[in-house]
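Chemist: Residues in the sequence shown are numbered from 324 upward in steps of one, following the numbering used here. So that we are looking at the same thing, I have put the structure below in structure tokens.
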Amino acid sequence: MNTSLICVGAIHALLFSLSAAAVWMVDPESCDVASGKYAFVQNAMRNALTIATAANNALQQTPRSTAVQSSLDLLFNNGDQTLVNTYGPLVFGNTHGITRLTAEATQGQALSTYDVKIYCDQKRIDSEWRGLVKVNYDNDIKQNLQEKDYSSCSLSTLMYTTTPNGLKSPHLQIQICPNFLLWALPIANPSTAWLSLDFWKKISASLVNQVTARFHPEIDAYSLFDVTMLHELTHASRRFSTIDVDNGGGAAYGWKKCRALSTTLSSDTGNQWADPGGPEINADSWALFGCVAWQLSTGRISGINADGSFIMV
């Protein structure tokens with residue numbers, strides 16, 4: 324038994340027992356209504372919260388179903404109960420995890436330091452070189468960003484989360500990279516803009532599945548946009564934030580890398596930022612578990628195989 328994990332859980336329970344519910348908002352300026360971005364991102368956020376709720380419910384099962392426990396076994400050190408019971412609520416719980424986000428903010432509502440705002444582009448950020456120093460100014464929160472809190476979107480970056488300047492910033496930020504959004508949006512091709520969002524989401528998922536089938540497990544392509552949003556939400560907390568663990572060979576994204584990471588536990592010293600870390604602090608490990616728990620809750624699947632393929636009903 325890892326007593327240090329129990330201590331970590333007790334400390335988190337003590338520190339965060341008084342935390343309040345939070346809200347989320349889609350930025351209306353970068354995610355404009357006319358283009359369809361606002362509705363698309365709003366729907367993705369709602370779906371991500373649905374997935375998080377399914378994961379939270381699955382973790383609270385007593386006893387857990389065979390299918391839920393099997394997925395935990397595959398991702399978290401053979402279902403290490405101390406590990407799962409300590410960190411699962413930190414990620415998904417309604418005290419300080421994702422399900423604390425109980426409502427969508429009304430436009431114009433002031434956000435608190437624990438709330439989340441989602442952006443569709445980086446136009447709010449002005450960057451300039453002052454001598455040898457690059458300064459990035461966020462016109463929304465009216466603050467200079469530290470370099471660690473800002474990342475330029477590249478072809479390989481889908482989304483990223485920032486907690487700028489600690490508690491000094493008015494809210495947490497999730498940045499959707501424009502290229503990823505253009506791939507997912509129905510208006511990427513104006514001639515077919517009349518087709519529904521649901522149609523294009525299904526087509527996109529189908530195409531991704533075909534392209535990546537030779538390289539990645541089935542689960543990696545499933546509801547990619549929504550599950551990526553869920554991944555970012557596991558980062559978007561000032562109380563307990565996951566990281567993208569790199570235990571050699573790059574960050575542990577996707578089923579194969581998360582499976583490889585599953586038995587690599589961090590030497591827990593009470594410092595969640597220890598690197599290399601284990602699956603308990605890895606964002607994609609929890610996002611993938613959420614995806615499985617969600618599909619189990621809908622009755623579409625009866626479980627997941629070790630290779631990342633779904634066991635269909």
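Where is the CB? At the ideal position from N, CA and C, for every residue including glycine. These numbers were taken from a predicted model, which means no experiment stands behind them.
Under 7 Å, do T422 and F415 count as touching if we go by C-beta distance?
Modeler: A contact, by the Cβ cut-off of 7 Å.
Chemist: I need the straight-line Cα distance from M552 to M368, nearest angstrom please.
Modeler: Each residue's alpha carbon lies about 7 Å from the other.
Chemist: Given that a residue counts as buried once 16 or more other Cβ atoms are within 10 Å of its Cβ, and exposed if not, what is K580?
Modeler: Burial call: buried.
Chemist: Go through its chain and collect everything with a Cβ distance to S282's Cβ below 6 Å, but skip five positions before and after it.
Modeler: The question about residue 282 has no answer here: the residues shown for the chain are numbered 324 through 636.
Chemist: Within 10 Å of its beta-carbon, does D438 have 16 or more other beta-carbons around it, so buried, or fewer, so exposed?
Modeler: Label assigned to D438: buried.
Chemist: Where does N459 sit, in a helix, a strand or coil, going by DSSP?
Modeler: Correct three-state label for N459: strand.
Chemist: May I ask you to list the residues that DSSP assigns as paired with G626?
Modeler: Per DSSP, I634.
Chemist: Pick out the complete beta strand (DSSP E) segments inside the segment 397 to 443, 3 residues or longer, and give them in chain order.
Modeler: Within the segment 397 to 443, the complete beta strand (DSSP E) runs of at least 3 residues are 424 to 427, 439 to 442.
Chemist: Cα-Cα, which of S585, P487, N467, A606 is closest to W452?
Modeler: Ranking the options by Cα distance to W452, first place goes to N467.
Chemist: In chain order, what residues of the same chain have a beta carbon less than 6 Å from the beta carbon of L395, not counting five sequence neighbours either side?
Modeler: G402, V407, listed in sequence order.
Chemist: Where does the unbroken alpha helix (DSSP H) through V615 begin, and where does it stop?
Modeler: That run of the alpha helix (DSSP H) goes 606 to 621.
Chemist: Compare the Cα-Cα distances from G420 to each of I624, A606, L619 and report the closest residue.
Modeler: Of the candidates I624, A606, L619, the one whose C-alpha sits nearest the C-alpha of G420 is A606.
Chemist: Kindly list the residues whose CB is nearer than 6 Å to the CB of W617, restricted to its own chain and excluding five residues on each side of it in sequence; keep chain order.
Modeler: The residues are I374, A377.
Chemist: Between the Cα of Y483 and those of L619, I441, G601, spot the shortest distance and give me the residue it belongs to.
Modeler: When each option's Cα is compared against that of Y483, the closest is I441.
Chemist: Which class does N570 belong to by DSSP, given the choice of helix, strand or coil?
Modeler: N570 falls in the coil class under three-state DSSP.
Chemist: Here's a check: name, in chain order, each residue in its chain whose Cβ is nearer than 6 Å to the Cβ of D472, leaving out the five neighbours to either side.
Modeler: Closer than 6 Å at the Cβ level, and outside the excluded window around D472, lie T485, P487.
Chemist: Going by the CB atoms, is the gap between W578 and G613 shorter than 7 Å?
Modeler: No, these two residues do not count as a Cβ contact at 7 Å.
Chemist: Closest to A344 by C-alpha separation, out of E555, E541, S585, N417, would be which residue?
Modeler: Among E555, E541, S585, N417, the Cα nearest to that of A344 is on N417.
Chemist: Leaving out the 5 sequence neighbours to the left and right, which residues in its chain are closer than 7 Å to N628 when beta-carbon positions are compared?
Modeler: I634, listed in sequence order.
Chemist: Just reading off the alpha helix (DSSP H) that I497 is part of, what are its end residues?
Modeler: Element bounds for I497: not the alpha helix (DSSP H) but the beta strand (DSSP E), 495 to 499.
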